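Numbering (the working numbering), first residue to last: 146 to 613.
Following this line, the structure appears as structure tokens:
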């Protein structure tokens with residue numbers, strides 16, 4: 146079992162600061178990430194493609210600019226990985242599928258990637274994922290399942306579908322990463338791999354230049370070590386984009402300026418234990434310990450007065466995702482080229498969902514979403530474990546077990562924003578996570594509360610050992 150340590154760990158925020166004041170060069174940091182990829186990439190499988198030469202050339206250019214006193218943006222010289230659902234001009238967008246690996250290279254670059262580059266980031270590579278981004282365990286029998294770096298002896302689930310994005314950061318192969326979240330695909334791997342990950346509200350970040358699994362539910366967001374990292378990344382990638390109409394009605398905000406704005410009289414609702422269901426033995430004690438931190442900051446916590454039916458919302462979300470995934474990926478899922486049978490099976494289930502059932506699911510969601518949003522009149526946040534379990538061995542997984550998404554899908558179904566925050570470790574040394582959920586477009590609140598937790602704790606500072 147890999148043990149963890151805290152000594153000399155630093156996050157994306159600190160890396161950007163060190164580059165800006167000359168204590169660290171972008172070339173040095175990028176080379177460190179590339180060295181980790183060279184040493185451990187074959188085993189951990191975090192990347193589908195690594196841009197080693199180009200990344201070093203960009204890093205050296207960033208250093209020359211810094212030496213001349215010119216900084217491109219707040220991410221100047223910081224290596225970032227992007228999930229291989231996002232187009233990068235001149236590179237194939239494989240979406241974790243061998244059926245797409247021989248497609249023509251993209252002729253344009255996704256808005257999010259362009260904005261990262263515009264903020265000064267060094268794109269170090271494209272991160273692996275569950276085939277077609279449809280699965281919570283992070284497995285991919287066709288392309289290969291990334292290895293959770295918190296246990297170098299046993300191949301454990303990295304979480305999905307943004308599996309490679311999480312592994313890349315946790316293994317020191319990138320300082321931050323971009324993932325996508327449809328029903329938990331940022332929060333699940335962030336929780337399994339000890340990261341902080343943000344599911345944004347629909348329209349907060351552009352989806353332009355992305356391969357979809359669900360056009361209704363897909364969102365793009367950041368994954369990194371800390372809440373302040375997420376603020377820097379979100380500042381860079383969010384905002385109106387004429388290529389994505391959903392973004393045009395959402396005003397831009399400054400997230401880094403809000404990280405210390407912990408609200409007075411914060412009201413936190415906790416679902417009833419019977420609604421949360423079964424959890425691993427260490428999950429709830431770690432959760433309550435994190436809530437104690439917020440209580441010491443004078444937040445009030447109380448049990449939700451209304452019940453939560455996580456299973457029903459998980460099923461309803463699954464109906465929408467499967468229907469839309471079949472429309473997007475059905476032809477590829479039916480291909481004879483070897484792939485992941487579990488992910489393809491989930492896609493192919495969409496073929497049997499009649500149009501009237503899909504339309505009814507969308508209509509019901511609109512009604513229930515509006516009703517659920519009114520609950521936030523009584524509280525500011527919902528808090529619960531991100532996952533009811535810690536990372537399981539890959540060879541023991543049951544792909545029909547939907548435990549990873551049991552407590553995450555409801556936030557996607559109701560159109561909310563949510564953040565996964567490290568909150569401890571289980572008896573085996575595997576990461577545990579608390580999930581904070583807020584009303585639409587309240588990402589600033591989530592980031593500030595998560596940052597407050599991290600100012601009082603060191604869970605987010607822990608790093609898996611054995612990778613140096």
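Glycine included, every Cβ here is placed at the ideal spot set by N, Cα and C.
The structure displayed is predicted, hence computed values, not measured ones.
Per the contact definition of three or more C-beta pairs closer than 8 Å, is the region 559 to 574 in contact with the region 473 to 486?
In short, these stretches do not touch, since the Cβ pair count stays below three.
Does the structure place the region 287 to 305 close enough to the region 214 to 225 that three or more beta carbon pairs sit under 8 Å?
Taking 8 Å as the limit for Cβ pairs, the verdict is that the region 287 to 305 does not touch the region 214 to 225.
Compute the beta-carbon to beta-carbon distance between residue 241 and residue 273, rounded to the nearest angstrom, for a pair I have assumed lies under 8 Å.
Sequence index remark: in the chain shown, residue 241 carries index 96 (1-based). Sequence index remark: in the chain shown, residue 273 carries index 128 (1-based). Right, their Cβ atoms sit about 6 Å apart.
Which residue marks the beginning of the alpha helix (DSSP H) containing residue 406, and which one marks its end?
What you label residue 406 is simply residue 261 of the chain shown in a count that begins at 1. Where residue 406 is concerned, there is no enclosing alpha helix (DSSP H), given that its DSSP letter is neither H nor E.
What does a CB cutoff of less than 8 Å around residue 229 pick up in its chain, not counting 5 residues either side in sequence?
Taking the first residue of the chain shown as 1, we reach residue 229 at position 84. Cβ within range, chain order: 193, 194, 238, 239, 240, 241, 271, 272, 273, 274, 309.
Could you give the distance in angstroms between the alpha-carbon of residue 261 and the alpha-carbon of residue 530?
Counting from 1 along the chain shown, the entry for residue 261 is found at position 116. Counting from 1 along the chain shown, the entry for residue 530 is found at position 385. Taking the straight line joining both Cα atoms gives about 31 Å.
What three-state label does DSSP hand residue 309 in the structure shown?
Position 164 of the chain shown, counting from 1, holds the residue named residue 309. In the structure shown, residue 309 sits in a helix (DSSP, three-state: H, G or I).
With DSSP as the reference, label residue 268 as helix, strand or coil.
As a position in the chain shown, residue 268 is number 123, starting the count at 1. Strand.
Are the CB atoms of residue 592 and residue 432 nearer to each other than 9 Å?
Taking the first residue of the chain shown as position 1, residue 592 is located at position 447. Taking the first residue of the chain shown as position 1, residue 432 is located at position 287. Contact: no.
Check for me: the alpha helix (DSSP H) holding residue 511 runs from which residue to which?
Indexing the chain shown from 1 puts residue 511 at position 366. Segment 500 to 518, the alpha helix (DSSP H) holding residue 511.
Closest to residue 609 by CA distance: which of 174, 185, 172 is it?
Within the chain shown, residue 609 is the residue found at index 464, counting from 1. Of the candidates 174, 185, 172, the one whose C-alpha sits nearest the C-alpha of residue 609 is 185.
Work out the CA separation of residue 581 and residue 279 for me, nearest whole Å.
In the chain shown, residue 279 corresponds to position 134, counting from 1. In the chain shown, residue 581 corresponds to position 436, counting from 1. So the two alpha carbons sit approximately 23 Å from each other.
Keeping to the same chain, check which residues put their C-beta closer than 8 Å to that of residue 397; ignore five residues upstream and five downstream.
As a first step, residue 397 must be located in the chain shown, where it is residue number 252. Excluding sequence neighbours, residue 397 sits near 383, 384, 385.
According to DSSP, what are the bridge partners of residue 194?
Here residue 194 refers to the residue found at position 49 when the chain shown is read from its first residue. Paired residues: 271.
Determine the contact status of residue 233 and residue 255, defining contact as a CB-CB distance below 9 Å.
Here residue 233 refers to the residue found at position 88 of the chain shown. Here residue 255 refers to the residue found at position 110 of the chain shown. Cβ distance < 9 Å, so residue 233 and residue 255 count as in contact.
I'd like to confirm the pairing. Which residues does DSSP put opposite residue 562 in its beta bridges?
Residue 562 sits at position 417 when you count from the first residue of the chain shown. Answer by DSSP bridge pairing, in chain order: 583.
Along the chain, where does the alpha helix (DSSP H) containing residue 445 start, and where does it finish?
As a working note, residue 445 is residue 300 in the chain shown. It is not in any alpha helix (DSSP H) - residue 445 instead sits in the beta strand (DSSP E) that spans 445 to 448.
Leaving out five residues on either side along the sequence, give the residues of the same chain with a beta carbon under 7 Å from the beta carbon of residue 130.
In the structure displayed, the chain extends from 146 to 613; residue 130 sits before or after that span and is not available.
Roughly how many angstroms lie between the CA atoms of residue 496 and residue 468, to the nearest whole one?
Position 351 of the chain shown holds residue 496. Position 323 of the chain shown holds residue 468. Between residue 496 and residue 468, the C-alpha separation is close to 7 Å.
From residue 147 to residue 512, what does the alpha carbon distance come to, in whole angstroms?
Position 2 of the chain shown, counted from the start, is the residue given in the question as residue 147. Position 367 of the chain shown, counted from the start, is the residue given in the question as residue 512. Residue confidence is low: residue 147 scores 47 on pLDDT, short of 50, so the model does not pin down where it sits. No coordinate-derived value is stated.
Are residue 362 and residue 465 closer than 9 Å when you measure CB to CB?
Residue mapping note: residue 362 aligns to position 217 of the chain shown, counting from 1. Residue mapping note: residue 465 aligns to position 320 of the chain shown, counting from 1. Cβ distance < 9 Å, so residue 362 and residue 465 count as in contact.
Looking at the strands, I want to know which residues DSSP matches up with residue 414.
Translated into the one-based positions of the chain shown, residue 414 becomes position 269. According to DSSP, residue 414 bridges with 447, 527.
To the nearest angstrom, how far is it from the Cα of residue 498 to the Cα of residue 517?
Your numbering for residue 498 matches position 353 in the chain shown. Your numbering for residue 517 matches position 372 in the chain shown. In a straight line, the C-alpha of residue 498 is about 26 Å away from that of residue 517.
Quick one: using the 10 Å Cβ neighbour count with 16 as the cut-off for buried, is residue 356 buried or exposed?
Reading the chain shown from its first residue, position 211 is the one you call residue 356. Its Cβ being crowded by 16 or more others within 10 Å, residue 356 is buried.
Return the chain-ordered list of same chain residues with a C-beta closer than 7 Å to the C-beta of residue 388, the five sequence neighbours on each side being excluded.
Residue mapping note: residue 388 aligns to position 243 of the chain shown, counting from 1. Closer than 7 Å at Cβ, skipping near neighbours: 256, 351, 353.
Would you kindly report the start and end of the unbroken alpha helix (DSSP H) that includes residue 490?
Against the chain shown, residue 490 aligns to sequence position 345. Segment 486 to 494, the alpha helix (DSSP H) holding residue 490.
Considering only DSSP beta bridges, list what residue 369 is partnered with.
The sequence position of residue 369 within the chain shown is 224, counting from 1. The partner list for residue 369 (beta bridge, DSSP) reads 341.
Given this structure, state the Cα-to-Cα distance separating residue 187 from residue 208, to the nearest angstrom.
If you number the chain shown from 1, residue 187 lands on position 42. If you number the chain shown from 1, residue 208 lands on position 63. Whole-angstrom Cα-Cα distance: 29 Å.
Excluding the five sequence neighbours on either side, which residues of its own chain have a C-beta within less than 6 Å of the C-beta of residue 163, listed in chain order?
Stepping through the chain shown from its first residue, residue 163 is reached at position 18. Only 169 meet the Cβ criterion.
Excluding the 5 residues preceding and the 5 following residue 245 in the sequence, name in chain order all residues of the same chain whose CB lies nearer than 6 Å to its CB.
The residue given as residue 245 occupies position 100 in the chain shown. Correct list, in chain order: 239.
For residue 388, name the three-state secondary structure that DSSP assigns.
Numbered from 1 along the chain shown, position 243 holds the residue referred to as residue 388. Note: residue 388 maps to coil in three-state DSSP.
Checking 9 Å against the spacing of the C-beta atoms, do residue 621 and residue 295 come in under that value?
This structure gives no information on residue 621, because the portion of the chain shown stretches from 146 to 613.
Going by DSSP, what residue range makes up the beta strand (DSSP E) through residue 325?
For this step, residue 325 is matched to residue 180 along the chain shown. Element bounds for residue 325: 321 to 326.
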